[in-house]
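Trainee: I'd like to ask some things about the structure below.
2 protein chains.
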Amino acid sequence: MRRAEAVAGGGPVRAPRTGRPTLEEVAERAGVSRATVSRVVNGQTTVAEDLRRAVEAAAAELGYVPHAAARSLVTHRTDSVALILPESPNRVFSDDQFFPSVIRGVAAELDAAGKLLVLLTTGSAEARSRAERYAVGGHVDGVMFASLHDADLLPELMLRRGVPVVCNGLPHLAAPCIDVDHIGGVKAAVEFLLAKGRRRIATVAGPQDMVAGRERLDGYRQALAAADRRAIVAVGDFTAESGHAAMRQLLADEPDLDAVFVASDLMAHGALQALREAGRSVPGDVSVIGFDDIALATYCDPPLTTVRQPIAEIGRSMARTMLRLLEGREVEPLTILPTELVVRTSA
Amino acid sequence: MRRAEAVAGGGPVRAPRTGRPTLEEVAERAGVSRATVSRVVNGQTTVAEDLRRAVEAAAAELGYVPHAAARSLVTHRTDSVALILPESPNRVFSDDQFFPSVIRGVAAELDAAGKLLVLLTTGSAEARSRAERYAVGGHVDGVMFASLHDADLLPELMLRRGVPVVCNGLPHLAAPCIDVDHIGGVKAAVEFLLAKGRRRIATVAGPQDMVAGRERLDGYRQALAAADRRAIVAVGDFTAESGHAAMRQLLADEPDLDAVFVASDLMAHGALQALREAGRSVPGDVSVIGFDDIALATYCDPPLTTVRQPIAEIGRSMARTMLRLLEGREVEPLTILPTELVVRTSA
DNA sequence: CTGTTAGCGCGTTCAG
DNA sequence: CTGAACGCGCTAACAG
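Sequence lines, in order, name chains A and B.
Residue numbering for the first sequence follows UniProt numbering, beginning at 1 and increasing consecutively.
Residue numbering for the second sequence follows UniProt numbering, beginning at 1 and increasing consecutively.
As structure tokens, this is what we get:
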């Protein structure tokens, strides 16, 4: 990996055509020192106009692009941040639109700030340790976590290593968090069902190792308790299949239920199918309300009444918080985004 | 940015607690040289067992993680590769499952190889030049392009800069390409419609600045020409809205059409809606066939007959090709994956 | 098998 | 305002 030696025979010693031009080569071509080129490239204003132009010309002709590694070795910055998606790639990029929407929000905000987004999925133990090494190894300036599980130690680990962290889905951490008002949204949904005269209201809850799963169940319980009604609960894992299975379970346990709040739209889609198979009409026999308001909700048959959470805004907000963190500015320790009931046909 | 100076007063000079341990600190703690630590960290077998253990212990205690920039500055490797998605983040992470599925395939394969995936969207000119600087700047070892547009100069640019490239959607490049058999799949679809006795078969074509758009239209034309029938064409851009508009156009131009091949499932979904609004039954009055076989196809009403392309396999194949390229091995210049007609209800 | 040495390409003092 | 010199943390020759 060493540069070519001078050619034997005493001809003029020319630097070999290396793959990429370096600062030094630009400097030589422009007839200035490396330091001056560096200043120009980094937009310092303390360079004489003619030199600056010479440097810019030389850089353009050579197609100079600073070497990322060399630069970040000395600056300790990379101008890129990671978004960690604590699921397998299969899950992240499935038909659940949650992660894609978060990504979209993050990407938009980072793009505007000229930062780069690195996506990491940590669905396996191996992937998790790779992500750790990646972040701690200084590949990125900070790390954002989407939809964390309770048991995930990665955020704390990174914090301890001095990596700036922003998260979603675990509010009690020593890092700024972005989340939505799960409980308020679910209460509105259940109250809507009660106001419609529904009396036996069940729920398909989400996974209980996640805040989103627990709080949506809490909201349901609180609303029912306030109306002095009994809770009827089945638990799924946010997938359509689990929603289908949970709905069957509910129908078996409680055949006379007349409404169900399902903790995600994807599960609601599965639940609708189970109701159809059981010969129940929606919303005639059973009212159904979902949670998320992803595109699928409008495709459902009938179109799904659901609690909208601003998913892309979670991403945007995380990104903005991270950018502020990287600038050393103050940030809100906890940001709660609003949810709202979107009434369609299923309830 | 300089290390703390020795403390005045002559006490023992201790290295200040820097943010992250370096090779040197591990070496000192283990009582060996930096080189030996480097060897152990990089898994070389030429280190005596006792030293290796001492190094491993020291590294573990200090929580040593190699500094990415320093390493890749000398190795010229980063162990990560980029996947470029030549659309805006909004488009990439929309309800079109194409990109997510490609990502999934790429991620799976790269994961298995211990490489990291960096996702870049190049929907704007600015994003494009940022991606260029990123790749040329040596952040990644190679670049993969998904679903290229004809006019995209980025691949050639990167090639010229010596960056390894693999692409999808532009087969005539000086880089290995992965694509699917568009024409064969579409021919099968149209022939299926003809065999069913359909006589006035229209098409909603995709964007004509992409191979996928052009070849699917070609396949349609070839199959109709072989049957001595007239082509009836409207053009969309692969979105549901454009499919809806194109279908309305077709119905206005050719009210007695009895079948339509739509060049993407998302457009087909829009087309179905337009047909419904126009009071045409599917498949009674009009047969509809889509292209892709994403999850949406099964949600359609009626479930969509469609040409399946192995989207995730495109991603896997791109990743495998890239890995081989990075190892300096031979690769196929062109890989064509098969398509197949999946018959459901809409035709 | 191990340690010593020389850069990788760049930003950044510090003199001039 | 400019250039010379140093070091970021690491790998890879080269000696021993």
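Even for Gly, the Cβ is constructed at its ideal location relative to N, Cα and C.
Is the Cβ-Cβ distance between residue 353 of chain B and tyrosine 299 of chain A less than 8 Å?
Mentor: Any question about residue 353 of chain B goes unanswered here, given that chain B covers just 1 to 347.
Trainee: Throw me the rounded Cβ distance for the proline 216 of chain A and phenylalanine 291 of chain A pair, which I believe falls under 8 Å.
Mentor: The residue you call residue 216 of chain A lines up with position 216 of the first sequence. The residue you call residue 291 of chain A lines up with position 291 of the first sequence. According to the sequence shown, residue 216 of chain A is arginine rather than proline. Right, their Cβ atoms sit about 6 Å apart.
Trainee: With DSSP as the reference, label serine 287 of chain A as helix, strand or coil.
Mentor: Position 287 of the first sequence, counted from the first residue, corresponds to residue 287 of chain A. Here serine 287 of chain A sits in strand by DSSP.
Trainee: From this set, A:Leu148, A:Gly270, A:Leu326, A:Pro333, which residue's C-alpha is nearest proline 302 of chain A's C-alpha?
Mentor: Taking the first sequence and counting its residues from 1, the one referred to as residue 302 of chain A is at position 302. If we check each option's Cα against that of proline 302 of chain A, A:Gly270 comes out closest.
Trainee: Output yes or no for whether 8 Å exceeds the beta carbon distance between valine 307 of chain B and isoleucine 294 of chain B.
Mentor: Counting from one through the second sequence, the residue named residue 307 of chain B turns up at place 307. Counting from one through the second sequence, the residue named residue 294 of chain B turns up at place 294. Not closer than 8 Å, so no.
Trainee: For chain B, check one thing: does any of its Cβ atoms lie closer than 8 Å to the Cβ of glycine 137 of chain A?
Mentor: Walking along the first sequence from the start, residue 137 of chain A turns up at place 137. Judged by the 8 Å Cβ criterion, glycine 137 of chain A is in contact with chain B.
Trainee: Output, in chain order, the set of chain B residues within a Cβ distance shorter than 7 Å of arginine 104 of chain A.
Mentor: By one-based count along the first sequence, residue 104 of chain A stands at place 104. Correct list: Pro89, Asn90, Phe93.
Trainee: Is it true that the CB of isoleucine 84 of chain A sits closer than 8 Å to the CB of alanine 174 of chain A?
Mentor: Numbered from 1 along the first sequence, position 174 holds the residue referred to as residue 174 of chain A. Numbered from 1 along the first sequence, position 84 holds the residue referred to as residue 84 of chain A. For alanine 174 of chain A and isoleucine 84 of chain A, no; Cβs fall outside 8 Å.
Trainee: Exposed or buried, what is serine 287 of chain B when buried is set at 16 or more other beta-carbons lying within 10 Å of its beta-carbon?
Mentor: Here the question's residue 287 of chain B lines up with position 287 in the second sequence. Serine 287 of chain B is buried by the Cβ-count criterion.
Trainee: When DSSP labels each residue in this structure, what does phenylalanine 261 of chain B get in the three-state scheme?
Mentor: Here residue 261 of chain B refers to the residue found at position 261 when the second sequence is read from its first residue. In this structure, phenylalanine 261 of chain B counts as strand in the three-state DSSP scheme.
Trainee: Under 7 Å between beta-carbons, which chain A residues line up against valine 65 of chain B? List them in chain order, please.
Mentor: What you label residue 65 of chain B is simply residue 65 of the second sequence in a count that begins at 1. Near valine 65 of chain B (Cβ distances below 7 Å), the residues of chain A are Arg133, Val136, Gly137.
Trainee: With DSSP as the reference, label methionine 144 of chain B as helix, strand or coil.
Mentor: Translated into positions along the second sequence, residue 144 of chain B becomes position 144. It is a strand residue.
Trainee: Let me know the secondary structure DSSP gives glutamate 332 of chain A once reduced to three states.
Mentor: Sequence index remark: in the first sequence, residue 332 of chain A carries index 332 (1-based). Reduced to three states, the DSSP call for glutamate 332 of chain A is coil.
Trainee: Is it the case that the Cβ atoms of valine 106 of chain A and methionine 247 of chain A are separated by a distance below 8 Å?
Mentor: On the first sequence, residue 106 of chain A is found 106 positions in, with the first residue counted as 1. On the first sequence, residue 247 of chain A is found 247 positions in, with the first residue counted as 1. Cβ atoms of valine 106 of chain A and methionine 247 of chain A: not closer than 8 Å.
Trainee: Does any residue of chain A bring its CB to less than 8 Å from the CB of proline 155 of chain B?
Mentor: Within the second sequence, the letter at position 155 stands for residue 155 of chain B. Chain A, which has no Cβ nearer than 8 Å to the Cβ of proline 155 of chain B, makes this no.
Trainee: Whole angstroms is fine: what's the gap from glycine 184 of chain A's alpha carbon to leucine 224 of chain A's?
Mentor: Stepping through the first sequence from its first residue, residue 184 of chain A is reached at position 184. Stepping through the first sequence from its first residue, residue 224 of chain A is reached at position 224. Cα to Cα, glycine 184 of chain A sits roughly 13 Å from leucine 224 of chain A.
Trainee: Mind checking which residues open and close the alpha helix (DSSP H) that includes aspartate 111 of chain B?
Mentor: In the second sequence, residue 111 of chain B corresponds to position 111, counting from 1. Taken as a continuous stretch (DSSP letters only), the alpha helix (DSSP H) holding aspartate 111 of chain B covers 98–112.
Trainee: Going by the CB atoms, is the gap between glycine 243 of chain A and methionine 267 of chain A shorter than 8 Å?
Mentor: The sequence position of residue 267 of chain A within the first sequence is 267, counting from 1. The sequence position of residue 243 of chain A within the first sequence is 243, counting from 1. Going by C-beta atoms, methionine 267 of chain A is nearer than 8 Å to glycine 243 of chain A.
Trainee: Taking 8 Å as the threshold (C-beta atoms), are proline 176 of chain A and glutamate 277 of chain A in contact?
Mentor: Position 277 of the first sequence, counted from the first residue, corresponds to residue 277 of chain A. Position 176 of the first sequence, counted from the first residue, corresponds to residue 176 of chain A. It is not a contact, given that the beta carbons lie outside the stated cut-off.
Trainee: Given this structure, state the Cα-to-Cα distance separating arginine 214 of chain B from glycine 206 of chain B, to the nearest angstrom.
Mentor: Taking the second sequence and counting its residues from 1, the one referred to as residue 214 of chain B is at position 214. Taking the second sequence and counting its residues from 1, the one referred to as residue 206 of chain B is at position 206. C-alpha separation (whole angstroms): 7 Å.
Trainee: Between alanine 60 of chain B and chain A, is any beta-carbon pair separated by less than 8 Å?
Mentor: For this step, residue 60 of chain B is matched to residue 60 along the second sequence. Not an interface residue.
Trainee: Could you tell me whether any Cβ in chain A is nearer than 8 Å to the Cβ of threonine 335 of chain B?
Mentor: As a position in the second sequence, residue 335 of chain B is number 335, starting the count at 1. It does not; no Cβ of chain A falls within 8 Å.
Trainee: Note the first and the last residue of the continuous beta strand (DSSP E) segment covering aspartate 50 of chain A.
Mentor: Taking the first residue of the first sequence as position 1, residue 50 of chain A is located at position 50. No beta strand (DSSP E) contains aspartate 50 of chain A, which is instead part of the alpha helix (DSSP H) from 49–62.
Trainee: Alanine 108 of chain A touches chain B at which residues, Cβ-Cβ below 8 Å?
Mentor: The residue you call residue 108 of chain A lines up with position 108 of the first sequence. Here the neighbours are Pro89, Asn90.
Trainee: Rounded to the nearest angstrom, what separates valine 32 of chain B and valine 55 of chain B at their Cα positions?
Mentor: Translated into positions along the second sequence, residue 32 of chain B becomes position 32. Translated into positions along the second sequence, residue 55 of chain B becomes position 55. The alpha-carbon atoms of valine 32 of chain B and valine 55 of chain B are separated by roughly 8 Å.
Trainee: Please name the residue in B:Arg199, B:Ile311, B:Arg329, B:Glu340 whose C-alpha comes closest to that of threonine 305 of chain B.
Mentor: What you label residue 305 of chain B is simply residue 305 of the second sequence in a count that begins at 1. The option with the nearest alpha carbon to threonine 305 of chain B is B:Glu340.
Trainee: What is the DSSP secondary structure of alanine 319 of chain A, counted as helix, strand or coil?
Mentor: Position 319 of the first sequence, counted from the start, is the residue given in the question as residue 319 of chain A. Here alanine 319 of chain A sits in helix by DSSP.
Trainee: Please return the same chain residues whose Cβ sits closer than 7 Å to the Cβ of serine 264 of chain A, not counting the five positions on each side in sequence.
Mentor: Taking the first sequence and counting its residues from 1, the one referred to as residue 264 of chain A is at position 264. So the qualifying residues of the chain are Gly206, Phe238, Gly290, Phe291, Asp292.
Trainee: Any beta-carbon of chain A closer than 8 Å to the one on valine 41 of chain B?
Mentor: The residue you call residue 41 of chain B lines up with position 41 of the second sequence. Chain A contact via Cβ: absent.
Trainee: Does the beta-carbon distance from valine 140 of chain B to valine 118 of chain B come in below 8 Å?
Mentor: What you label residue 140 of chain B is simply residue 140 of the second sequence in a count that begins at 1. What you label residue 118 of chain B is simply residue 118 of the second sequence in a count that begins at 1. The answer is yes: Cβ separation under 8 Å.
Trainee: From the DSSP output, in three-state form, read off aspartate 179 of chain A for me.
Mentor: Sequence index remark: in the first sequence, residue 179 of chain A carries index 179 (1-based). In this structure, aspartate 179 of chain A counts as strand in the three-state DSSP scheme.
Trainee: With a threshold of 16 other CB atoms inside 10 Å of the CB of proline 86 of chain B, please say whether the residue is buried or exposed.
Mentor: One-based indexing of the second sequence puts residue 86 of chain B at position 86. Per the 10 Å Cβ criterion, buried.
Trainee: Quick one: what's got a C-beta closer than 7 Å to threonine 18 of chain B's C-beta in the same chain, skipping five residues either side?
Mentor: Start at 1 with the first residue of the second sequence, and residue 18 of chain B comes out as number 18. With a pLDDT of 46 at threonine 18 of chain B, under the threshold of 50, the modelled position of this residue cannot be trusted; read the value that follows with caution. Once the five neighbours on either side are set aside, threonine 18 of chain B has no close Cβ partner at all.
Trainee: What residue from A:Ala347, A:Ile336, A:Ala48 has the CA that sits closest to alanine 167 of chain A's CA?
Mentor: Here the question's residue 167 of chain A lines up with position 167 in the first sequence. According to the sequence displayed, residue 167 of chain A carries cysteine and not alanine. Closest option to cysteine 167 of chain A, Cα to Cα, is A:Ile336.
Trainee: Listed in chain order, which residues of the stretch 291–311 of chain A have Cβ atoms closer than 9 Å to some Cβ of chain B?
Mentor: Only Ile294, Ala295, Leu296, Tyr299, Cys300, Asp301 from the stretch 291–311 of chain A bring a Cβ to less than 9 Å from some Cβ of chain B.
Trainee: Specify the secondary structure class of alanine 227 of chain A as computed by DSSP and reduced to three states.
Mentor: Along the first sequence, one-based indexing puts residue 227 of chain A at 227. The answer is coil: DSSP assigns alanine 227 of chain A none of H, G, I, E or B.
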